[in-house]
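Going by this note's numbering, the residue at position 249 of the sequence shown is 737; the numbering climbs one at a time, nothing skipped. All C-beta atoms in this analysis are idealised placements derived from N, C-alpha and C, irrespective of residue type, glycine included. Just so we're clear, the structure is a prediction, and the values are computed from it rather than from any experiment. See structure below.
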Amino acid sequence: MTDANAPDVADVVVHQGVATRVLIGPGALRHVPSELGRIGARRVLLVTTPSVAAAGDALAAALGGRLAARFDGPRVHTPVDVTERALAIVTDHRADAVVAVGGGSAVGLGKALSARTGIPQVAVPTTYAGSEVTPVLGETRGGVKTTRRDPALAPGTVVYDPELTLSMPRGLTLTSALNALAHAVEALWAPDRTPVSDALATEAAHEIVAALPDVLADLGDVRARSRVQAGAWLAGTCLAQTRMGLHHQLAHALGGTFDLPHAELHAMLLPHVMDFDLPAAPDAAGRLERALGTDPVRVVRGLADAHEGARRLRELGVPRAALAGVAERVVAAPYPNPRPLDVTSVTGLLERAW
Ligand code: NAD
């Protein structure tokens, strides 16, 4: 039965949360064995990468006889051939749960394994990428990346231990934090934003921008690292709840075509996209100004310029002649964006980032 007085559906905001149990705090890694016990896991596959081997070793020792196998070969953008190798290990060792310790690449492999087998997953992120709280998985087959969204893809348990982020070098720390900030910024101008996503994004932006300079001044500052990590959690939650716009579309288009480093690409694009879009998104601009206490474009440009690695698309090897083609593809099927897109203006943005 329809209610004639019900508001038009277009006026109704839909908020869909992800049912994830989250532990956060210094030393939280030590709770992973009991969390695995809570979900009844007896034969655990540990997915990790050499860069966070110490955390992997500590967890392996704590799991003792419950560790069925270990795989330390995740790759960026979750290539299907790597997943198939890890899947064979799951089958051979009859693993009944997967725990992924690492950046978005390790977490992505945990999602891909869980999606194929139904085994539960615990994610222990060591960067600020945010994948651990999203129901999204991007996979690459033959160089082509496809992305799917399904609530079952989100890890049931996430363990944030800021001590695991201490080993991120300066460059990855900065670019990964700006990658997280990009989720919050785009959530603020998303067509499907809600009061919840607005609140999460505003707090995420505040915490990341307020604490990041302290982290960069002292990479071992656990308190400041905790604030950036908590901000990245909130920002990842925004990514899960809202549709991303031009920034993420450019990152996907450029990253997919030229196989570019994920976080570094996000970091160099963000100030340019904010400069382009914020005049068309006054509500987002107002929230960011209040959250950051200053001109948002200026503060984000200052952070991006502080990166000691590649800061321009040309430094990543993107040919200038390719920019117009990328703009054409983006404009032909745009993600929702506050400012209407045309090839000339998007090419101009890319030229400035180049
Ligand atoms: P990554 O996981 O590839 O890590 C980058 C590099 O840093 C790797 O060499 C890694 O081993 C190393 N590393 C990770 N943690 C470290 C630490 N604490 N100390 C030292 N080195 C460390 O990169 P990322 O930016 O975390 O994630 C990018 C991937 O995640 C991409 O494939 C991206 O598509 C995916 N992603 C997916 C989602 C989603 O919602 N599905 C969201 C964000 C990112």
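Secondary structure of residue i, DSSP reduced to three states
i	result
Ala600	helix
Ile607	coil
Glu627	strand
Leu511	strand
Gly590	strand
Ala583	coil
Pro567	strand
Gln717	helix
Gly659	helix
Met732	coil
Local Cβ density within 10 Å of residue i, reported as buried at 16 or more and exposed below that
i	result
Ala449	Here the chain comprises residues numbered 489 to 842, so residue 449 is not present and cannot be evaluated.
Ala640	exposed
His694	buried
Gly631	exposed
Gly591	buried
His503	exposed
Val621	buried
Glu796	exposed
Thr835	buried
Glu572	exposed
Glu803	exposed
Residue i versus residue j: straight-line alpha-carbon distance, rounded
i	j	result
His754	Leu555	36 angstroms
Val540	Leu652	8 angstroms
Val589	Asp560	10 angstroms
Leu704	Arg658	7 angstroms
Ala723	Leu758	14 angstroms
Leu811	Val831	10 angstroms
Leu776	Thr628	34 angstroms
Pro701	Ala642	31 angstroms
Arg563	Thr615	15 angstroms
Thr645	Val814	38 angstroms
Leu443	Leu748	Residue 443 is absent from the structure shown; the chain starts at 489 and stops at 842.
Met489	Val684	Only weak support exists for where Met489 lies, its pLDDT of 46 falling under 50; the value from the coordinates is given anyway. Answer to the nearest angstrom: the Cα atoms are 30 angstroms apart.
Ser461	Asp783	Nothing about residue 461 can be read from this structure; the chain reaches only from 489 to 842.
Ala728	Val673	13 angstroms
Leu837	Leu734	11 angstroms
Supposed contact pair residue j and residue i - C-beta distance, whole angstroms, cut 8 angstroms
i	j	result
Asp765	Arg817	Not a contact, Cβ separation roughly 19 angstroms.
Arg604	Leu575	6 angstroms
Pro824	Ala611	That belief does not hold up - the Cβ atoms of Pro824 and Ala611 are roughly 28 angstroms apart, past 8 angstroms.
Pro763	Val785	Before going on, a small fix: residue 763 reads as Asp here, not Pro. About 5 angstroms separates the two Cβ atoms, so the contact holds.
Per DSSP, cross-strand counterpart(s) of residue i
i	result
Phe559	Val535
Arg636	Leu625
Thr645	Arg509, Val610
Proximity test, Cβ basis, 8 angstroms: residue i and chain E
i	result
Ala542	Here there is only one protein chain, and chain E is not present.
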